[in-house]
Amino acid sequence: MKSFNYHAPKDVKDASKLASSNSAFLAGGMTTIPSMKLGLASYKDVIDIKNIKKLSGIKVSGKTVTIGATTKHVEVATSKDVKKAIPALAKLAGNIGDAQVRNRGTIGGSISNNDPSACYPSACMALNAVIHTNKRKIDAEKFFTGMFETALKGGELVEAVEFQIPEKADYQKHPNPASRYAIIGVFVAKHKKDVNVAVTGAKSCVYIDKDLSKKLSSNFSVSAIEGAEVKSSGMNSDMHASAEYRANLVSLYAKKAVEAC
Amino acid sequence: MASLVGSRVERKEDTRFLQGKGRYTADINIANQTYAVFVRSPHARAKIKSVDTSKALKSSGVVGVLTGKEIAEDKIGGLIAGWAIRSEDGSEMKVPANPPLAKDVANFVGEPIAVVFAETLDEAKEGAEKVKVDYKVLKAVVDPADAMKSDAIHDGVDKNLCYDWLLGDRKAVDEAFAKADKIIKVDLINNRLVPNAMEPRACVVDYNTASEEITLYTTSQNPHLSRLVMSAFGNVAPENKLRVVAPDVGGGFGSKINVYNEEIVCSWASKKIERPIKWVAERTESFLTDTHGRDHVTHAELAVTNDGKFLGFKNETIANLGAYARVFGTVTPTYLFGPCATGVYVIPAAYSNVKAVYTNTAPVDAYRGAGRPEATYTIERLVEKAAMELGMDKTEIRMKNFPTQFPFKQTLVHTVDSGDYVAGLEKAKQMADYAGFEARRKKSEANGKLRGIGVSSYFEACGIAPSAAVMSLGCGVGLWESAEVRFNPTGQISVFTGAHSHGQSHDTTFAQIAADEMGVPIENIDIVHGDTDKGTFGMGTYGSRSLTVGGIAIVNACKKIIAKGKRVAAKMLEVNEDEIEFKDGEFVALKSNKKKTIGEVAFACYLPGQRDEMKSPIPEGDEPGLIESAFYDPPNFSFPAGSHICEVEIDPDTGNVKVEKYTAVDDFGRIVNPMIVEGQVHGGIAQGIGQALHENTQYDETGQLMTASYMDYTMPRADNFPEFNLGFTCTHATSNPLGVKGCGEAGAIASPPTVMNAVIDALGGQEISMPATAEKVWKACKSMKKSNAKAA
Ligand SMILES: Cc1cc2nc3c(=O)[nH]c(=O)nc-3n(C[C@H](O)[C@H](O)[C@H](O)COP(=O)(O)OP(=O)(O)OC[C@H]3O[C@@H](n4cnc5c(N)ncnc54)[C@H](O)[C@@H]3O)c2cc1C
Numbered sequence: 002m003k004s005f006n007y008h009a010p011k012d013v014k015d016a017s018k019l020a021s022s023n024s025a026f027l028a029g030g031m032t033t034i035p036s037m038k039l040g041l042a043s044y045k046d047v048i049d050i051k052n053i054k055k056l057s058g059i060k061v062s063g064k065t066v067t068i069g070a071t072t073k074h075v076e077v078a079t080s081k082d083v084k085k086a087i088p089a090l091a092k093l094a095g096n097i098g099d100a101q102v103r104n105r106g107t108i109g110g111s112i113s114n115n116d117p118s119a120c121y122p123s124a125c126m127a128l129n130a131v132i133h134t135n136k137r138k139i140d141a142e143k144f145f146t147g148m149f150e151t152a153l154k155g156g157e158l159v160e161a162v163e164f165q166i167p168e169k170a171d172y173q174k175h176p177n178p179a180s181r182y183a184i185i186g187v188f189v190a191k192h193k194k195d196v197n198v199a200v201t202g203a204k205s206c207v208y209i210d211k212d213l214s215k216k217l218s219s220n221f222s223v224s225a226i227e228g229a230e231v232k233s234s235g236m237n238s239d240m241h242a243s244a245e246y247r248a249n250l251v252s253l254y255a256k257k258a259v260e261a262c
Numbered sequence: 054m055a056s057l058v059g060s061r062v063e064r065k066e067d068t069r070f071l072q073g074k075g076r077y078t079a080d081i082n083i084a085n086q087t088y089a090v091f092v093r094s095p096h097a098r099a100k101i102k103s104v105d106t107s108k109a110l111k112s113s114g115v116v117g118v119l120t121g122k123e124i125a126e127d128k129i130g131g132l133i134a135g136w137a138i139r140s141e142d143g144s145e146m147k148v149p150a151n152p153p154l155a156k157d158v159a160n161f162v163g164e165p166i167a168v169v170f171a172e173t174l175d176e177a178k179e180g181a182e183k184v185k186v187d188y189k190v191l192k193a194v195v196d197p198a199d200a201m202k203s204d205a206i207h208d209g210v211d212k213n214l215c216y217d218w219l220l221g222d223r224k225a226v227d228e229a230f231a232k233a234d235k236i237i238k239v240d241l242i243n244n245r246l247v248p249n250a251m252e253p254r255a256c257v258v259d260y261n262t263a264s265e266e267i268t269l270y271t272t273s274q275n276p277h278l279s280r281l282v283m284s285a286f287g288n289v290a291p292e293n294k295l296r297v298v299a300p301d302v303g304g305g306f307g308s309k310i311n312v313y314n315e316e317i318v319c320s321w322a323s324k325k326i327e328r329p330i331k332w333v334a335e336r337t338e339s340f341l342t343d344t345h346g347r348d349h350v351t352h353a354e355l356a357v358t359n360d361g362k363f364l365g366f367k368n369e370t371i372a373n374l375g376a377y378a379r380v381f382g383t384v385t386p387t388y389l390f391g392p393c394a395t396g397v398y399v400i401p402a403a404y405s406n407v408k409a410v411y412t413n414t415a416p417v418d419a420y421r422g423a424g425r426p427e428a429t430y431t432i433e434r435l436v437e438k439a440a441m442e443l444g445m446d447k448t449e450i451r452m453k454n455f456p457t458q459f460p461f462k463q464t465l466v467h468t469v470d471s472g473d474y475v476a477g478l479e480k481a482k483q484m485a486d487y488a489g490f491e492a493r494r495k496k497s498e499a500n501g502k503l504r505g506i507g508v509s510s511y512f513e514a515c516g517i518a519p520s521a522a523v524m525s526l527g528c529g530v531g532l533w534e535s536a537e538v539r540f541n542p543t544g545q546i547s548v549f550t551g552a553h554s555h556g557q558s559h560d561t562t563f564a565q566i567a568a569d570e571m572g573v574p575i576e577n578i579d580i581v582h583g584d585t586d587k588g589t590f591g592m593g594t595y596g597s598r599s600l601t602v603g604g605i606a607i608v609n610a611c612k613k614i615i616a617k618g619k620r621v622a623a624k625m626l627e628v629n630e631d632e633i634e635f636k637d638g639e640f641v642a643l644k645s646n647k648k649k650t651i652g653e654v655a656f657a658c659y660l661p662g663q664r665d666e667m668k669s670p671i672p673e674g675d676e677p678g679l680i681e682s683a684f685y686d687p688p689n690f691s692f693p694a695g696s697h698i699c700e701v702e703i704d705p706d707t708g709n710v711k712v713e714k715y716t717a718v719d720d721f722g723r724i725v726n727p728m729i730v731e732g733q734v735h736g737g738i739a740q741g742i743g744q745a746l747h748e749n750t751q752y753d754e755t756g757q758l759m760t761a762s763y764m765d766y767t768m769p770r771a772d773n774f775p776e777f778n779l780g781f782t783c784t785h786a787t788s789n790p791l792g793v794k795g796c797g798e799a800g801a802i803a804s805p806p807t808v809m810n811a812v813i814d815a816l817g818g819q820e821i822s823m824p825a826t827a828e829k830v831w832k833a834c835k836s837m838k839k840s841n842a843k844a845a
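Just so you know, the protein sequences line up as chains W and A, in that order. The opening position of the first sequence corresponds to residue 2 in the working numbering, with each subsequent residue numbered one higher. The opening position of the second sequence corresponds to residue 54 in the working numbering, with each subsequent residue numbered one higher.
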């Protein structure tokens, strides 16, 4: 690993000031540190944001659950409040990677990194999340812009993610047997007026499957999507899974998720 | 005194390992050490046009940079193939030079080209980035099945063929096949595996400028052998000026048998730069450069009669050696494979033909089981398929072809001294509730799942090996083992062994044996291994040889201690030697019942006299001291055997395979420590299930290793396994005084075919290759559905 300056600011303002085109925020470090070790990334300044108190914690209001950016996966997975308000979100967090990853990885790091096979982005999309940054509020559908790409600008820091509490929801994932990231993951959320089916792992970026969402919005049952075709075109094909296999899994896990709701 | 052999003595080594007190190579630091980083080829096959080290030499903290040119100038030898194999036509195998630093061509991704030494690791890394290598990239040969049709990658190795080897009698096989009612055929791939020892390879070299002695601390399964190879072939230093220490080693599985490039280079360089050197592999380097395992492409056939008798067997295999032939690389697919390919059956005619080819991939060498898993997979797939095609029960067809008498002289090579294959399979059937399978299958079916059951009966030839036999077959060394038992004056005992423990628990099991032999508490015994300066020579640990060869050397050395002790005690007790009996640590004069403990005798051996009286306890012709050593060369291999049964359940929607039940019944002869043996079996089965279902080494067509990290290479984890159901049968080995057989590799040998037979059973006989990943199985389920629909 190349040497770098390590900073541990106490508030968001200082963190933001330290940021430059040659810096990275350090949250759980589960992505940043391996990529630095492997020489895939190097920075002049590494800005550790874990000491910024206000970035961590879980708040439930009437309609939303707000999770601070540096809240760890294990905290979300075991939170009584999350389990009560959006059990599917706790379940998602509890199945991320392995225990070591869950004990360090954070929601802010996960969504800022926007790995195409990460789990949280699908929850953000399905639960109409609003991403709070130190500069603005961004709707999830505008936040995830492409493979490892987000709407975040230089020095912009995610402070929290605000999820809409659905009537019902479930997350189903087919883990990559090696890394345990999602080969595909399907987050189904039934809101008062409509249903969102968000899919991760299948394409270069998380997306809402409009067809499945529409069918379930008019009839929230497995039978509504029984024959629905999930097309493999545009899906990832790699040594872990072909596009055809992924398409099969999306269709299958969407049904499993509806069933589990 | 109760015997320790046979009891579940807790592992002596656990205290240090569980408390983080293990001392591994990377834990060792020498004052003033430099750090080595290797510049490695990013290409699978390339000409090295030039290597420019000028910028690296100027880089901050860099102490030295060395390349293939300097190592060639200093006439440092390359890596070696330890076993010479002859082709069917009588010609010798073709082995290319394998210099420690490639000078003219690079032949696999990760092959070392140059090395940078610096004051800190970071500086060494930066320096390494500044070494400029100009490559001319050439088209890589990657697929072993195509290798013989591709460009020759080594000068003088036509068709990339190392040898074309035959064991057996083609004519006899043809005749047997002509008489058969049915010929069963399989095409198999034995998938390449990355060994993945928990501890990556490492070395620390300390050159003493005064004594001119090199001390090499290294992650080796066989430090004495490493020293021999580095001296005799590497020309690194004379043996008496080279000390090799393999301290705690965190797993080997065969990947730490070889003397590797880095050890040779750092040892040579330490003398050159007159500084200690430390090198520790990063995980990616382990993936790229540790010797890999397996990688066979096989076509095999079994000739059978309609009532399920086996008449003949043939096996045509292409074995991938990778870029170079390494220590056990050439023997693994020949003498460790061919002789075992007829399995536990009486098959009157058989042959195995193996073509070993070079490709631009990491060298392939022994990996837990080495050749025997490949052999067992071949025959056990055939047998299972035969049962299916003949409509016979899969256990019945096996029973029908088991030998009924031991010693069992096999058609090809081995004479198996002991065993009872029927008893093993009967016990496995009972433990696995084989009879109840159909009901379980129906239950799975009702849940929309496919359930399958697979059996495999195996034997293996381990405890390697009789020196004269293996040397006659081309082995470059004898495979005896040695031991020294050193009684200290105050009664503690150091037992030196040439075997090496890197997970095998020798500290405990060897101490159990020595404690029983000498009737002393186990606490008094220390097992010392892993240091060429401590104890006698030895060949190391692999091929499940430590107990069956090294353990017997210890027994024999203990026997010599007792023999001398008897002579001394007789003199001390003033009786004839034949009037002394040794029992439970005491030498007893039978008539008078006067006795001396072994501790008193040892003390007297070192302090042979007493005040006011000129009297020595040492008999005439004997010497003071109580140290004995033994070299043991086994008269035969040892032949553990058993039957495993596996049940899997497949979800046809996802293709996920769940191992529901796994039963293993093994015959390891007399068992020294059941707890440790169970651990060995667990580990072996886990690796075998890994091979069958998960581990999927993939090179792309340019020779880049796609699965070079745990993000992409699936290591099996605890949640991939059911609770293993273990049982034992016991027939004592007749070839050694303890009656023991090897147990280290059996699990990895028996389990891949057991699991695959179960998967293929669930798929209605549809063949699929290892690893049976979810997507492959899903595709098979789909085509099964289609053909079922057609049939209906
Ligand atoms: C073996 C393994 C398995 C995994 N499995 C899964 C899985 O199954 N599902 C899943 O969803 N994820 C998985 N992950 C990802 C993991 O859960 C982490 O979420 C992820 O690695 C990043 O989170 P982090 O907190 O560690 O971020 P870091 O590594 O610290 O940062 C990642 C990136 O985000 C930036 N960043 C961090 N925090 C902020 C912020 N508040 N504002 C702006 N930018 C920020 C950093 O600068 C950096 O560029 C896995 C990771 C590993 C190593």
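Every residue, glycine too, gets a C-beta built ideally from N, C-alpha and C.
| Check | Outcome |
| --- | --- |
| On a Cα-Cα basis, can you pick out the residue from 180(W), 256(W), 77(W) and 131(W) that is closest to residue 229(W)? | 256(W) |
| Excluding sequence positions up to five away, which residues of its chain have a Cβ less than 8 Å from the Cβ of residue 242(A)? | 349, 350, 351, 822 and 823 |
| From which residue to which residue does the beta strand (DSSP E) around residue 167(A) run? | 165–171 |
| What are the start and end residues of each continuous beta strand (DSSP E) run of 3 or more residues lying completely inside the segment 80–135 of chain W, in chain order? | 131–134 |
| Using a C-beta cutoff of 7 Å, does residue 180(W) count as contacting chain A? | yes |
| Under 7 Å, Cβ to Cβ, is there at least one residue of chain W near residue 828(A)? | yes |
| Using beta-carbon positions only, say whether residue 206(A) and residue 186(A) come within less than 7 Å of one another. | no |
| Would you please verify whether the beta carbon of residue 148(W) is less than 7 Å from any beta carbon of chain A? | no |
| Between residue 236(W) and chain A, is any beta-carbon pair separated by less than 7 Å? | no |
| Just to confirm the assignment, what range does the beta strand (DSSP E) spanning residue 370(A) have? | 363–375 |
| Please determine if the segment 57–76 of chain A and the segment 305–316 of chain A are in contact, where contact requires at least 3 C-beta pairs separated by less than 8 Å. | no |
| Can you check which of these residues, 669(A), 618(A), 631(A) and 642(A), is closest to residue 652(A) by C-alpha distance? | 618(A) |
| For the segment 814–845 of chain A, list every residue whose C-beta sits within 7 Å of some C-beta in chain W, in sequence order. | 828 and 831 |
| If you draw a straight line from the alpha carbon of residue 76(A) to that of residue 257(A), how long is it in whole angstroms? | 13 Å |
| According to DSSP, is residue 254(W) helix, strand or coil? | helix |
| How should residue 70(A) be labelled, buried or exposed, when 16 other C-beta atoms within 10 angstroms of its C-beta is the threshold for buried? | exposed |
| Relative to the C-alpha of residue 273(A), which candidate in 555(A), 545(A), 416(A) and 382(A) has its C-alpha closest? | 555(A) |
| Helix or strand or just coil, what does DSSP make of residue 41(W)? | coil |
| With distances taken Cα to Cα, identify the nearest neighbour of residue 266(A) among 328(A), 809(A), 240(A) and 230(A). | 328(A) |
| Decide yes or no for the touch test of the segment 109–127 of chain A against the segment 356–370 of chain A: beta carbon pairs closer than 8 Å, at least 3 of them. | no |
| Can you tell which of 725(A), 723(A) and 742(A) has the C-alpha that lies nearest to the C-alpha of residue 717(A)? | 742(A) |
| Per DSSP, what are the beta-bridge partners of residue 76(A) in this structure? | Its beta-bridge partners do not exist; DSSP assigns none. |
| Taking residue 464(A) as the reference, give the member of 128(A), 799(A), 226(A) and 56(A) with the closest Cα. | 226(A) |
| Does the Cβ of residue 206(W) lie closer than 6 Å to at least one heavy atom of ligand 1? | no |
| Could you tell me whether the Cβ of residue 31(W) comes closer than 7 Å to any Cβ of chain C? | Looking for chain C here will not work: the only protein chains present are W and A. |
| Quick check on the DSSP output: the beta strand (DSSP E) that includes residue 32(A) runs from which residue to which? | Outside the shown range of chain A (54 to 845) lies residue 32(A), about which nothing can therefore be said. |
| Closer than 7 Å, CB to CB, is residue 759(A) near chain W or not? | yes |
| Could you name the residues of chain A that residue 246(W) contacts, counting a contact when the two beta carbons are closer than 7 Å? | 828 and 831 |
| Closer than 7 Å between beta carbons: that is the criterion. Which residues of the segment 737–755 of chain A meet it against chain W? | 747 and 751 |
| By Cβ distance below 8 Å, which residues in the same chain neighbour residue 176(A) in space, the five residues on each side in sequence not counted? | 88, 112, 113, 114 and 115 |
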